[in-house]
Structures are given as C-alpha cells and as structure tokens.
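Heads up: the structure comes next, in structure tokens.
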Amino acid sequence: MTTWLGRWMKRRKGNGAARASGPAETFRTASRPEDHSRIAAAADQCIPLPNETPFEMLRVYRYLRDAIPDISDAVWTWKRLCQTGFDIEIHDASSGVADRRARRLLDELNRRVNSGDRGMDGLLDIFYASLFTYGAAALEIVLTHSRESIWDVVPVDVWTVRFKREGGRLLPYQLHDGEMIPLPAERFIYVGMDRDGSNPYGRSMLRSIPFVVKIQQRLLEDMAKATHNAGWSKLHVQYVPEERRRGESVEDYQARMGQNLETLRSKLSGLSPDQNLVTYDNVKVSLVQGGQAAHVFYENHKAIEEQVITGMHLMPILIGRNYGTTETYGTAQFEIVNRQVEAVNRAVKRILERLYNFELALMWGEARARVHMRANRTVDILKAAQARAREIENAARLRELGFTDHDTAAAMLNLPGKLA
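Per the numbering used here, the very first residue in the sequence shown carries number 3; after that it's consecutive.
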C-alpha cells in the first residue's frame with residue numbers, strides 16, 4: 003500500500019508540474035506533420051510497399067478520394083458504417099471508489115485526445131478515413147512529464163511512415179524534411195489492412211482502381227463534349243439563294259446574298275421562345291434532334307462505375323444502386339458489409355482497450371476496462387427480434403429437457419452463464 007501511495011503521489015506531483023509548464027513545452031510528439039519537400043531523399047533500406055508500389059501512390063490515393071465522387075462516397079460510406087460507437091465496461095475494480103475514479107479518468111481521456119479536437123470521436127474519424135484511403139492508420143501515444151499517464155493521442159500521417167528491420171525487429175520511422183525520424187515503437191500504434199505476409203504495410207482498396215478511374219473520367223469528359231452537341235435540339239435553317247438579277251454583277255450578287263444571310267441570322271438570334279418565323283419559301287427551317295448516343299454513354303459509364311464499386315469492396319445498394327428486384331438481394335449485401343465492419347472494429351476495440359488500460363494502470367486502486375463495439379442495426383428489426391426470441395426459446399427448451407445445462411445454454415446465447 004505504501005508503494006502504491008508513493009507512486010500515486012509522484013504521479014499527481016508530475017501531473018501538476020506538467021500543467022504548470024503547459025503542453026507546448028512539456029509534451030512533444032515524436033511524429034511530425036506531413037512534409038512534401040525532399041520526401042524521397044532518405045528512404046534507402048526501407049521495406050517497400052507490396053508489389054514494389056511506389057510510396058508516391060499513397061498521395062495519389064488521397065487525391066482520388068478527394069477528387070473522384072464515387073471514391074469519395076465509398077470512403078465516406080465505410081467511415082460511417084464503422085462509426086457505430088462503443089461502450090466502456092469497468093471490471094475487476096478493487097472498490098466502488100476505484101470504479102468511479104476509473105470512469106472519471108477515462109471520460110477525461112476521451113475528451114483530451116486528438117489535442118482536444120472532438121476528442122475520441124474526432125480521432126476515430128481520422129483513423130477510419132486513413133484506414134480506408136491508404137489501407138493503414140497510425141497513432142502516437144503522448145505521455146505526461148511523469149510518463150505515468152496519457153496526455154494525448156495524436157494521428158500520424160501514414161504516407162510518411164516507413165519500416166526497417168533492425169536486429170530482427172520491425173522499427174517504425176517517419177520521413178520528414180528528407181530525414182528518417184525514429185518513432186517510439188512502444189508508443190506507436192500502426193494498423194495495416196489486408197497485409198501480405200511479413201510486409202508491415204497495409205494494402206489500400208484504391209490500389210486496384212486507378213486505371214479504371216482513368217477510363218471513367220475520360221468517358222465522362224467525352225460524354226460531356228458529345229452531350230453539348232447531341233443532347234439539345236437545334237434549328238437548322240437552310241437558305242436557298244434566289245436567281246441573279248439581270249445586269250447584276252457577280253460581286254453585287256455575292257454581296258446581296260451575304261447580306262440576306264446576315265439579316266436572317268440576326269433575326270434568329272433575337273427570336274423569343276414564343277415567336278414564330280415568317281419567311282419566303284426559299285427559307286427552310288427544320289428541327290435537328292440528338293439520337294440515342296446518350297443512352298450508350300450511360301451504359302458504358304455504368305459498366306465502369308461497377309468496377310469502381312467492386313474495387314472499393316462496397317455493394318451497389320450502399321451507394322444508391324440496387325440492380326435486384328427483391329428485398330433479399332439488398333439484405334444479403336448489407337450483411338456481408340457488416341461482417342467487414344465487425345472485422346475492422348475488432349482492431350479498433352483492441353486499440354481502445356490498450357489506451358484505457360494504460361491510463362488505469364497506475365490509478366489509485368485497481369480497475370480494468372473492456373470495450374464493446376456496437377453493431378449496425380439489422381435491416382429488418384422485427385425479424386431479428388423474432389429470430390432472437392426463437393433462439394432463447396430453443397435454448398431454454400433444451401435446458402428444461404435435460405439435454406444441456408444452464409451454462410451451456412447461456413453460451414449458446416452469448417450470455418453470462420453463472421447462476422446467481
């Protein structure tokens with residue numbers, strides 16, 4: 003007890019000194035903001051991206067996300083699907099006071115991280131955006147002056163992160179201003195999505211679609227040019243010159259025909275929508291309409307668009323396109339996407355538990371934190387409730403008939419199994 007009291011007093015004293023000096027002087031992150039200058043100068047001996055992909059492609063991914071509507075919508079959709087929220091459970095608390103103190107510390111930490119900019123919600127928003135753009139996300143834990151609690155958790159620009167193998171270990175570095183800055187491995191969190199073997203970097207969803215996007219944008223550009231001419235009906239005016247007058251020179255005849263054309267052009271340019279043309283029978287007016295070229299463009303663009311959707315691992319219904327006629331088609335798509343969301347959020351759960359339990363490690367009293375990530379609501383809530391009721395009924399029936407015991411029946415329902 004004396005040891006804990008001494009460590010707690012030391013921590014409180016360190017925190018007080020830290021607040022007095024201010025975060026700008028005492029708490030400094032090892033990572034640096036992104037820097038575009040001399041970015042490739044010190045990248046020797048770093049582990050390359052999968053398939054020898056140049057690191058410059060990571061910046062291309064960000065441009066595609068910001069400039070291409072389909073990709074921007076896909077990343078936005080993935081972020082919102084994964085931001086289901088979470089609940090913190092305090093367990094193994096040594097006392098009721100320790101339980102309340104733990105909840106207060108974690109609540110303060112949630113507001114403090116991300117430099118106070120929307121706290122944990124803002125940090126996770128950046129985390130998911132990076133994960134679905136670059137295929138990876140990185141965070142750095144910033145400790146207090148006493149190094150006994152977390153002062154802040156800040157995002158790290160993934161496209162500046164490099165890894166080296168030194169002494170049989172993977173060590174993270176950050177490329178900044180042409181120099182390789184070592185990052186603190188014990189306080190650096192890196193999550194790579196769809197990693198290949200021993201390669202530490204993640205694999206971006208956007209890696210498979212740059213060529214498709216190039217075709218898509220070229221098609222849109224060509225369609226815009228064609229639509230400008232073929233998409234709107236136009237008046238075609240044909241002027242039949244009258245006969246040349248007796249004694250009229252060739253020059254005078256040409257000048258008179260030119261004047262007639264100019265007069266006709268000026269009349270047409272000032273014509274209101276509710277006015278009609280009155281001419282001699284040597285002027286023919288017809289309506290020129292666009293053909294079916296627009297439909298061909300739509301079909302072509304639709305085919306390319308489907309490739310973008312597939313490359314982003316999304317289902318058509320989630321970005322407003324459903325090619326099926328039944329409810330089951332859309333429901334099946336949404337269930338598959340939810341499996342992917344659950345896989346990503348399992349990694350987020352581990353990160354949050356690491357942060358929270360580190361914060362509670364040196365608290366006066368003992369407590370542990372467990373994070374429960376919420377799930378997206380099912381498409382049909384009534385059907386889900388009926389299915390759950392049937393599961394409970396079946397498990398209770400098996401227990402009543404003696405085919406299983408209480409704990410096993412509870413495990414079948416993912417519920418605590420110990421009898422009170």
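Quick reminder that beta carbons are idealized off the backbone N, C-alpha and C, glycines included. Just so you know, these numbers come straight off a predicted model, no measurement behind them.
Would you mind sorting residue i into buried or exposed? The rule is 16 or more other CB atoms within 10 Å of its CB.
i, result
"residue 27", "Annotation note: pLDDT 41 at residue 27 (below 50); position unreliable, no value reported."
"residue 144", "buried"
"residue 65", "exposed"
"residue 248", "exposed"
"residue 2", "In this structure the chain extends from 3 to 422, so residue 2 is not present and cannot be described."
"residue 211", "buried"
"residue 53", "exposed"
"residue 73", "buried"
"residue 129", "buried"
"residue 40", "Here the model assigns residue 40 a pLDDT of 42, short of 50, so the residue's position is not dependable, and the following value carries that caveat. Counting Cβ neighbours within 10 Å, residue 40 comes out exposed, since fewer than 16 surround it."
"residue 167", "exposed"
"residue 257", "exposed"
"residue 281", "exposed"
"residue 87", "exposed"
"residue 83", "buried"
"residue 405", "exposed"
"residue 410", "exposed"
"residue 265", "exposed"
"residue 133", "buried"
"residue 242", "exposed"
"residue 402", "exposed"
"residue 38", "Bear in mind that the predicted position of residue 38 carries a pLDDT of just 43, short of 50, making it unreliable; the figure below should be weighed with that in mind. With fewer than 16 Cβ atoms within 10 Å of its Cβ, residue 38 is classed as exposed."
"residue 69", "exposed"
"residue 206", "buried"
Using DSSP with H/G/I as helix, E/B as strand and the rest coil, what is residue i?
i, result
"residue 94", "coil"
"residue 243", "coil"
"residue 39", "With a pLDDT of only 43 at residue 39, under 50, the local geometry of the prediction cannot be trusted, and the value read off the model is given with reservation. It is coil, neither helix nor strand."
"residue 238", "strand"
"residue 289", "strand"
"residue 89", "strand"
"residue 115", "coil"
"residue 478", "Outside the displayed range of the chain (3 to 422) lies residue 478, so it cannot be described from this structure."
"residue 135", "helix"
"residue 347", "helix"
"residue 49", "coil"
"residue 248", "coil"
"residue 130", "helix"
"residue 414", "helix"
"residue 124", "helix"
"residue 63", "helix"
"residue 197", "coil"
"residue 358", "helix"
"residue 334", "helix"
"residue 363", "coil"
"residue 104", "helix"
"residue 57", "coil"
"residue 221", "helix"
"residue 3", "Note that residue 3 has pLDDT 44, beneath the 50 cutoff, so the model's placement of it is unreliable and the number below is only indicative. Three-state DSSP puts residue 3 in coil, outside helix and strand."
First and last residue of the beta strand (DSSP E) that includes residue i?
i, result
"residue 282", "Neither: residue 282 is in no beta strand (DSSP E) and is coded neither H nor E."
"residue 252", "Element bounds for residue 252: not the beta strand (DSSP E) but the alpha helix (DSSP H), 252–271."
"residue 183", "181–184"
What does DSSP give as the partner residues of residue i in its beta bridges?
i, result
"residue 147", "BP columns for residue 147 are empty, so no partner."
"residue 165", "174"
"residue 142", "156, 190"
With respect to the alpha helix (DSSP H) encompassing residue i, which residues constitute its N-terminal and C-terminal limits?
i, result
"residue 71", "71–84"
"residue 207", "Here residue 207 belongs to no alpha helix (DSSP H), and DSSP marks it neither H nor E."
Can residue i be considered in contact with the ligand MN, in the sense that its beta carbon sits closer than 6 Å to one or more heavy atoms?
i, result
"residue 90", "By its list of ligands, the structure shown contains no ligand whatsoever, and the ligand MN lies outside what it can speak to."
Go through the region 366–399 residue by residue and report every complete run of the beta strand (DSSP E) that reaches 3 residues or more, in order.
370–375
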